[in-house]
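Structure record follows, encoded as C-alpha cells.
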Amino acid sequence: MSLARNPNYPGRFTGNLEHVELLLSDLDPVANLEMYERDRLDVIDITELEAGRARQRYAGEYRRVPQLVTVYLQFDASRPPFDDVRVR
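Under this note's numbering, the first residue of the sequence shown carries the number 20, and numbering increases by one thereafter.
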C-alpha cells in the first residue's frame, strides 16, 4: 500500500515524509524479523520470544508500541450446530 502526503491538506505540514510504502505481511514472526534484518522492513509485529531476540540484538533500534487490537470468532450460523438457535 502506498501512502503519499496530501498536497491539499489545509494545515501546516511539520513532518518530513512525502511518501510511505506499507507491506502488510502475513508472514510468520520469524520471517518478519529476518526481513527486518535484511533491511526489507522497518516495522514488524513479532512474538514475545522474537521480541527478546530483537531487544538484545537491536537494543538501539528496538521500540515496543502498544497496539489496539480486536480479536473475534465468527461462527457460520447456517451450519450445525449453530443453525439451531437454542445452541447460539
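We put the CB at the ideal spot given by N, CA and C, even for glycine. Please read these numbers as outputs of a predicted model, since none were measured by experiment.
Q: Note down, in chain order, each residue of its chain lying with its Cβ closer than 8 Å to the Cβ of Asp61, except the 5 sequence neighbours on either side.
A: Tyr55
Q: Tell me whether Ala73 is buried or exposed, calling it buried when 16 or more other Cβ atoms sit within 10 Å of its Cβ.
A: buried
Q | As assigned by DSSP and simplified to three states, the class of Ala96 | A | coil
Q.
From the DSSP secondary-structure annotation, give me the bridge partner or partners of Glu40.
A. Ser21
**Q.** Asn25 versus Leu42 - alpha carbon distance
**A.** 20 Å
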